[in-house]
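Participant: Have a look at this one.
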Amino acid sequence: MKVLHINASARDDKSQSLRLADVFIDEFRKKRNDIIIDRFDLFHDELPEFGAIASGAKMALFTGTEQTAEQKSVWDNARAVFDRFAEADVYVFNIPLWNNGMPYILKQFIDVVTQPGWAFGFDMEKGYTGLLTNKKAFVVHASGVYRDGIAPNFGSDFSSPYFRDWLNFVGVEDIHEVKFMPTVVNNDIENTYLTAEKETKALISHF
């Protein structure tokens, strides 16, 4: 079984979301000895841009025209990232909340891999169909200030609903989430962490 761990935090060993993702992976290893972990650190590993050249390559495919050599190279780089994503059986994501949304690098990853014929199909009558089926996802969301139920002046969470919707869009429906919030404005941070850790370990039963 292949597990792809996508680390969307820039804080390395100081990351609270990464801390819980590592707990999940450690528990998963105890449960199964056949898993292979592939860790993708979005802020450190190579992630191609999806700009003008890549958009041109995509439109060339749509229109049936030949890609330029530069477009083909960029498209092949995007495809390599998608293949790494698609080969996994289980996804582990750790995602901090940035300015009420997700880190830009995670959105870049989403835009690179979410391509027609790769991650989704389309029918004029039925609409979109996710192609990455029969996969599971464990997602950690962390925030320094925001928490569910807090007053509006303390922020919003547009990240977690968007991310769940995107997973559904590409075909991943078996999703399990843990929220570690807040991690900074919190007078009882240790108990908040222990609760999140307990939830993380309990979710192993679904994998």
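Numbering (my numbering), first residue to last: 141 to 347.
Cβ coordinates follow ideal geometry from the N, Cα and C atoms, glycine included.
1. Would you check if the distance between the CB atom of K275 and the CB atom of Y302 is smaller than 9 Å?
2. Please name the residue in H346, L271, F309 whose C-alpha comes closest to that of E317.
3. For I146, which residues in the same chain have their Cβ closer than 6 Å to its Cβ, ignoring the five residues on either side in sequence?
4. Tell me which same chain residues have a C-beta within less than 8 Å of the C-beta of D251, skipping the five on either side of it?
5. Could you tell me how far apart the beta carbons of V324 and V280 are, in whole angstroms, since I believe they sit closer than 8 Å?
6. Going by the beta-carbon positions, is the gap between K319 and D229 smaller than 9 Å?
7. Flag this pair as yes or no: are the beta carbons of A192 and L237 separated by less than 9 Å?
8. Check E313 in the structure and name its three-state DSSP category.
9. Following the continuous beta strand (DSSP E) through L144, name the residue where it begins and the one where it ends.
10. For T205, which of helix, strand or coil comes out of DSSP?
11. Between which two residues does the alpha helix (DSSP H) containing D180 stretch?
12. Within the present structure, is the beta-carbon of S213 separated from the nearest heavy atom of the ligand FAD by less than 8 Å?
13. Can you grab the Cα-Cα spacing for the pair K170 / I344, in whole Å?
14. Got a sec, what are the start and stop residues for the beta strand (DSSP E) I235 sits in?
15. Which parts of the segment 287-334 are runs of the beta strand (DSSP E), unbroken and 3 residues or longer, counting only runs that do not cross its ends?
Facilitator: Walking through what the data contain:
1. Within the sequence shown, residue 275 is the residue found at index 135, counting from 1. Within the sequence shown, residue 302 is the residue found at index 162, counting from 1. No, they are not a contact pair.
2. As a position in the sequence shown, residue 317 is number 177, starting the count at 1. For the residues H346, L271, F309, the minimum Cα distance to E317 belongs to H346.
3. Taking the sequence shown and counting its residues from 1, the one referred to as residue 146 is at position 6. Here the set comprises F180, F233.
4. Here residue 251 corresponds to residue number 111 of the sequence shown, with the count starting at 1. Once the five neighbours on either side are set aside, the close Cβ partners of D251 are F190.
5. Along the sequence shown, one-based indexing puts residue 324 at 184. Along the sequence shown, one-based indexing puts residue 280 at 140. V324 to V280, Cβ: 16 Å. No contact.
6. Along the sequence shown, read from residue 1 onward, the residue named residue 319 stands at position 179. Along the sequence shown, read from residue 1 onward, the residue named residue 229 stands at position 89. The Cβ atoms of K319 and D229 lie no closer than 9 Å to each other.
7. Taking the sequence shown and counting its residues from 1, one reaches residue 192 at position 52. Taking the sequence shown and counting its residues from 1, one reaches residue 237 at position 97. Annotated as distal: A192 and L237, with beta-carbon spacing of 9 Å or more.
8. As a working mapping, residue 313 is identified with position 173 in the sequence shown. Taken through DSSP and simplified to helix, strand or coil, E313 comes out as coil.
9. The sequence position of residue 144 within the sequence shown is 4, counting from 1. First-last of the beta strand (DSSP E) with L144: 142-147.
10. Along the sequence shown, read from residue 1 onward, the residue named residue 205 stands at position 65. Correct three-state label for T205: coil.
11. The count along the sequence shown starts at 1 and reaches residue 180 at position 40. According to the sequence as given, residue 180 is Phe; it is not Asp. Premise fails: F180 lies in the beta strand (DSSP E), 176-181, not in any alpha helix (DSSP H).
12. Absent from the structure shown: the ligand FAD. Ligands present: none.
13. The residue labelled residue 170 in the question sits at position 30 within the sequence shown. The residue labelled residue 344 in the question sits at position 204 within the sequence shown. Near 10 Å, if we compare the C-alpha coordinates of I344 and K170.
14. Residue 235 sits at position 95 when you count from the first residue of the sequence shown. First-last of the beta strand (DSSP E) with I235: 230-236.
15. 314-320
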